[in-house]
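Taking my numbering, the leading residue of the sequence shown gets 284, the next gets one more, and so forth.
Working notes, structure below.
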Amino acid sequence: MVSGGVLPETTPAAVAVVVAATGLIRAGNVWLEGAAERLSAQFGLPAVVQGSIVAIAAGLLTLSTVLRFTLLRTDLVLTDAESYALLAA
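Take a look at the structure:
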């Protein structure tokens with residue numbers, strides 16, 4: 284039960300969730316880039332600083348997503364052999 288019972292467990296529902304989430308991520312990315320550009324212009328910072336702000340913010344968003352779902356999915360347990368196989372890949 285991926286959707287927590289909110290949506291039916293069908294392929295069209297899963298596709299709709301993926302499309303909606305992708306749209307939200309894209310909108311957030313556009314907002315983040317615009318905010319970083321305005322911040323850089325306001326303080327007269329070079330483009331490399333603007334890029335760094337976007338990269339750090341995107342990295343923090345990715346980290347928070349991974350941590351959130353790792354903490355929510357306590358039922359996933361890897362054996363030592365599976366862990367080593369993932370590390371070796």
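Beta carbons: idealized from backbone N, C-alpha and C, even for Gly.
Check: At least 3 beta-carbon pairs within less than 8 Å: the region 332 to 344 vs the region 310 to 322; Outcome: yes
Check: Between the CA atoms of Ala371 and Leu346 - distance to the nearest angstrom; Outcome: 22 Å
Check: Spatial distance of Phe326 from Glu320 (CA atoms); Outcome: 10 Å
Check: Check: Ala299 C-beta below 7 Å from any heavy atom of the ligand NAP; Outcome: Of the ligands one can find in the structure shown there are none, so the ligand NAP has no counterpart to examine.
Check: Span of the alpha helix (DSSP H) around Glu320; Outcome: Thr294 to Phe326
Check: Beta-carbon separation (whole angstroms), Leu290 vs Val300, contact threshold 8 Å; Outcome: 7 Å
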